[in-house]
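Per numbering that gives the first Met the number 0, residue 0 is the first one in the sequence shown, and the count goes up by one each step.
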Amino acid sequence: MLHKDSEKRKRSKYECFIGFFLFCMLVCLPVFYTNAVCFYESDEVYHAEGYIFVGESHVYLSAALMNSVTDAEGYIEGLNDVRYFYKNDKSVSQDQYGNPNTMYMKGNLFFVYEGLNIPKERTTQLDRSYIYSDGKGNRGRAVEKVHEIMNCNPNIAHWNIISFQGALEARTRSSKSSSYYVESYRNWMDYEFPEADCYFLSIPTMTGWYDRIKDANAINNALQQAFPEQYLDYTAFLKERYPQGMKDPTLATDNIHWNDNTYIALISDVLKTVQRSQETVQQYNVINMQAVLYTNDKTVIYLQPNSLGKILLPNCAAGLPVQVTGVTDNGFYQVALDKLTCYVPAIGLEEEQGVSNGI
């Protein structure tokens with residue numbers, strides 16, 4: 000009898016242990032205290048231009064904020080063909096406070112960062128090695144992510160990469176890091192992304208976080224000297240919005256970060272600046288008109304009314320209706336394709352299928 004009672008007690012303790020173990024597993028299973036996870040997806044729509052911002056907390060904040068200025072189809076208001084979808088949930092990762100830490104992006108605008116709420120991801124994206132490239136295949140995490148984005152979006156013809164990284168370096172060891180950034184970015188242009196256009200956004204050192212840092216602009220100065228055409232100096236842009244630096248609490252959240260409207264204005268203006276730099280400078284006049292014409296076997300669609308400029312579509316099926324919104328004085332029709340204004344040489348459109356047309 001004693002033997003049976005002993006066996007029952009052992010079995011009961013074992014069952015309690017198993018039950019407790021399974022309970023812990025069930026309680027802990029939904030919680031993933033891991034680094035932020037970003038999924039970069041394709042919207043499977045042709046885009047002549049794609050845009051990738053690389054950075055730290057400024058870029059992290061911008062990624063969520065730019066989602067607030069898109070229309071129902073994902074296009075950002077006031078910009079030419081910039082489409083952006085962003086979602087944040089807990090499906091793969093959440094931080095130690097239970098906040099969503101899984102990001103999804105698609106369209107032709109992307110943001111590269113690690114996150115903010117977990118020490119490891121902050122350390123990764125703040126370090127200068129994040130943007131490193133030696134031109135021989137050794138590269139930082141940000142460079143790997145840019146390649147990932149480009150590889151999973153074959154529907155985007157040309158890329159523009161804008162780096163906004165270096166805020167911590169500019170405060171700690173900027174004079175020692177200047178050549179590091181210049182060499183890495185040169186390898187971006189020559190080795191990593193030779194077909195893309197790279198731009199380097201000025202580090203905003205006018206805030207209180209950089210007080211008493213005597214060489215805070217060393218990286219900015221080195222980038223401006225090394226890449227005068229690629230360096231985008233937004234110091235005046237930000238000072239105009241923050242005449243008191245970061246001392247007005249209605250304009251800033253702390254001594255380094257801007258308010259929401261400033262981030263939206265900054266990213267939008269950078270995109271406009273990059274788009275202007277892609278345009279072929281040419282003087283032409285447009286006479287407004289409204290008509291529906293048809294494509295033929297000579298149809299080529301350009302981003303600008305210039306046969307030496309960028310081609311959006313080198314050819315398309317004949318007989319397709321196209322909405323014409325104007326005609327230029329150098330021989331192009333101005334046409335509306337979804338959210339995009341494009342141009343087609345006169346010989347590329349016809350009044351009716353099979354009937355030649357000209358200007």
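Note that CB positions come from ideal geometry on N, CA and C, so glycine has one too.
As assigned by DSSP and simplified to three states, the class of Gly54: Taking the first residue of the sequence shown as position 1, residue 54 is located at position 55. It is a strand residue.
So the candidates are Pro344, Thr101, Leu319 and Gln289; which of them puts its Cα closest to the Cα of Asn305? In the sequence shown, counting from the first residue as 1, residue 305 sits at position 306. Comparing Cα positions, the closest option is Pro344.
Looking only at DSSP bridge pairs, what is Ser132 linked to? Start at 1 with the first residue of the sequence shown, and residue 132 comes out as number 133. Note: Ser132 sits in a beta bridge opposite Arg138.
Could you tell me the boundaries of the alpha helix (DSSP H) in which Leu302 lies? Within the sequence shown, residue 302 is the residue found at index 303, counting from 1. Neither: Leu302 is in no alpha helix (DSSP H) and is coded neither H nor E.
Looking at the structure shown, is Gln124 part of a helix, part of a strand, or coil, going by DSSP? Counting from one through the sequence shown, the residue named residue 124 turns up at place 125. Gln124: helix per DSSP, three-state reduction.
Using a Cβ-Cβ cutoff of less than 6 Å, which residues in the same chain neighbour Val273 once the five nearest sequence positions on both sides are dropped? One-based indexing of the sequence shown puts residue 273 at position 274. Answer for Val273: Asn159, listed in chain order.
Residue range of the unbroken beta strand (DSSP E) whose run includes Tyr39: As a position in the sequence shown, residue 39 is number 40, starting the count at 1. Unbroken beta strand (DSSP E) run through Tyr39: Val36 to Glu40.
C-beta contact flag for Asn107 and Tyr83 at 9 Å: Numbered from its first residue, the sequence shown carries residue 107 at position 108. Numbered from its first residue, the sequence shown carries residue 83 at position 84. In this structure, Asn107 lies near Tyr83, with their beta-carbon atoms less than 9 Å apart.
Leu365 vs Val269 beta-carbon contact at 9 Å: Nothing about residue 365 can be read from this structure; the chain reaches only from 0 to 358.
Sorted by chain position, which residues of the same chain lie with C-beta nearer than 6 Å to Tyr198's C-beta, five sequence neighbours on each side aside? As a working mapping, residue 198 is identified with position 199 in the sequence shown. Excluding sequence neighbours, Tyr198 sits near Ile161, Gln229 and Leu231.
Are any of the Cβ atoms in chain D nearer than 9 Å to that of Ile155? This model lacks chain D altogether; it includes just one protein chain.
Can you have a look at Leu319 and say buried or exposed, based on whether 16 or more other CB atoms are within 10 angstroms of its CB? For the purposes of this step, residue 319 is taken as the residue at position 320 of the sequence shown. It is exposed - the Cβ of Leu319 has fewer than 16 other Cβ atoms within 10 Å.
Who are Val197's beta bridge partners in DSSP? The sequence position of residue 197 within the sequence shown is 198, counting from 1. For the sequence presented, residue 197 should be read as Cys rather than Val. Paired residues: Ile160.
Is Lys144 helix, strand or coil by DSSP? By 1-based counting over the sequence shown, the position of residue 144 is 145. Under the three-state reduction of DSSP, Lys144 is assigned to helix.
Whole-angstrom C-beta distance between Asn314 and Val334, which should lie under 8 Å: Here residue 334 refers to the residue found at position 335 when the sequence shown is read from its first residue. Here residue 314 refers to the residue found at position 315 when the sequence shown is read from its first residue. With a Cβ gap of about 15 Å, Val334 and Asn314 do not count as contacting.
Would you say the segment 38 to 45 touches the segment 137 to 153, given that touching needs at least three Cβ pairs under 8 Å? yes
Host alpha helix (DSSP H) of Leu222 (start-end): If you number the sequence shown from 1, residue 222 lands on position 223. Counting along the chain, the alpha helix (DSSP H) containing Leu222 begins and ends at Ala217 to Ala225.
Could you give the distance in angstroms between the alpha-carbon of Tyr332 and the alpha-carbon of Val326? Numbered from 1 along the sequence shown, position 333 holds the residue referred to as residue 332. Numbered from 1 along the sequence shown, position 327 holds the residue referred to as residue 326. Their backbone Cα atoms lie some 5 Å apart in a straight line.
Pick out whichever of Leu311, Leu312 and Val323 has its Cα sitting closest to the Cα of Met288. Your numbering for residue 288 matches position 289 in the sequence shown. Comparing Cα-Cα distances from Met288 to each of Leu311, Leu312 and Val323, the minimum goes to Val323.
Measuring alpha carbon to alpha carbon, tell me which of Leu78, Thr171 and Tyr179 ends up nearest Gly139. Indexing the sequence shown from 1 puts residue 139 at position 140. The option with the nearest alpha carbon to Gly139 is Tyr179.
Nearest residue (CA-CA) to Ala317, options Leu348, Ser132, Ile255 and Ser177: Taking the sequence shown and counting its residues from 1, the one referred to as residue 317 is at position 318. Cα-wise, what sits closest to Ala317 is Leu348.
Are the segment 161 to 177 and the segment 207 to 221 touching by the rule of at least three beta carbon pairs closer than 8 Å? Touching, yes.
Taking Cβ to Cβ, would you say Asn216 is nearer than 9 Å to Ser267? For the purposes of this step, residue 216 is identified with residue 217 of the sequence shown, where counting begins at 1. For the purposes of this step, residue 267 is identified with residue 268 of the sequence shown, where counting begins at 1. Not in contact: Asn216 and Ser267 (Cβ atoms no closer than 9 Å).
Leu270, enclosing beta strand (DSSP E) - first and last residue: Here residue 270 is taken as the residue at index 271 of the sequence shown, counted from 1. Unbroken run through Leu270 is the alpha helix (DSSP H), Asp259 to Gln277; no beta strand (DSSP E).
On the DSSP letters alone, give me the boundaries of the beta strand (DSSP E) that Leu336 sits inside. The residue you call residue 336 lines up with position 337 of the sequence shown. Start and end: Phe331 to Leu336.
Straight-line Cα distance separating Tyr85 from Ile117: Taking the sequence shown and counting its residues from 1, one reaches residue 117 at position 118. Taking the sequence shown and counting its residues from 1, one reaches residue 85 at position 86. For Ile117 and Tyr85, the distance between alpha carbons rounds to 21 Å.
So, with DSSP's three-state summary, where would you put Pro374? Here the chain covers residues 0 to 358 and nothing more, so residue 374 does not appear.
Looking only at its chain, what residues have a beta carbon closer than 6 Å to the beta carbon of Asn137, apart from the 5 residues adjacent to it on each side? As a position in the sequence shown, residue 137 is number 138, starting the count at 1. So the list is empty, once near-sequence residues are dropped.
Go through its chain and collect everything with a Cβ distance to Ile263's Cβ below 7 Å, but skip five positions before and after it. In the sequence shown, residue 263 corresponds to position 264, counting from 1. Leu64, Met65 and Val68.
Can you tell me the Cα-Cα spacing of Tyr241 and Ala221, whole angstroms? Within the sequence shown, numbered from 1, the residue matching residue 241 stands at position 242. Within the sequence shown, numbered from 1, the residue matching residue 221 stands at position 222. Tyr241 and Ala221: Cα-Cα distance of roughly 25 Å.
Buried or exposed by the 16-neighbour rule on C-beta atoms within 10 Å, applied to Tyr146: On the sequence shown, position 147 is the one that residue 146 refers to. It is worth fixing the name first, because residue 146 is His in this sequence and not Tyr. Exposed.
Would you mind working out which of Tyr50, Tyr112 and Asp196 sits nearest Ile75, comparing C-alpha positions? In the sequence shown, residue 75 corresponds to position 76, counting from 1. Measuring from the Cα of Ile75, the nearest candidate turns out to be Tyr50.
Cα-Cα separation between Cys27 and Leu339, rounded to whole angstroms: Taking the sequence shown and counting its residues from 1, the one referred to as residue 27 is at position 28. Taking the sequence shown and counting its residues from 1, the one referred to as residue 339 is at position 340. Confidence at Cys27 is low in this model, with a pLDDT of 39, below 50, so the placement of that residue should be treated as unreliable; the coordinate-derived value is given next. About 49 Å.
Assigned exposure category for His157 - 16 Cβ within 10 Å defines buried: Position 158 of the sequence shown, counted from the first residue, corresponds to residue 157. Counting Cβ neighbours within 10 Å, His157 comes out exposed, since fewer than 16 surround it.
So, helix, strand or coil for Val321, using DSSP? The residue you call residue 321 lines up with position 322 of the sequence shown. In the displayed model, Val321 falls within a strand according to three-state DSSP.
Taking the beta carbon of Asp80 as the centre, do at least 16 other beta carbons fall within 10 Å, making it buried, or is it exposed? Here the question's residue 80 lines up with position 81 in the sequence shown. Looking at its Cβ environment, which holds 16 or more other Cβ atoms inside 10 Å, Asp80 is buried.
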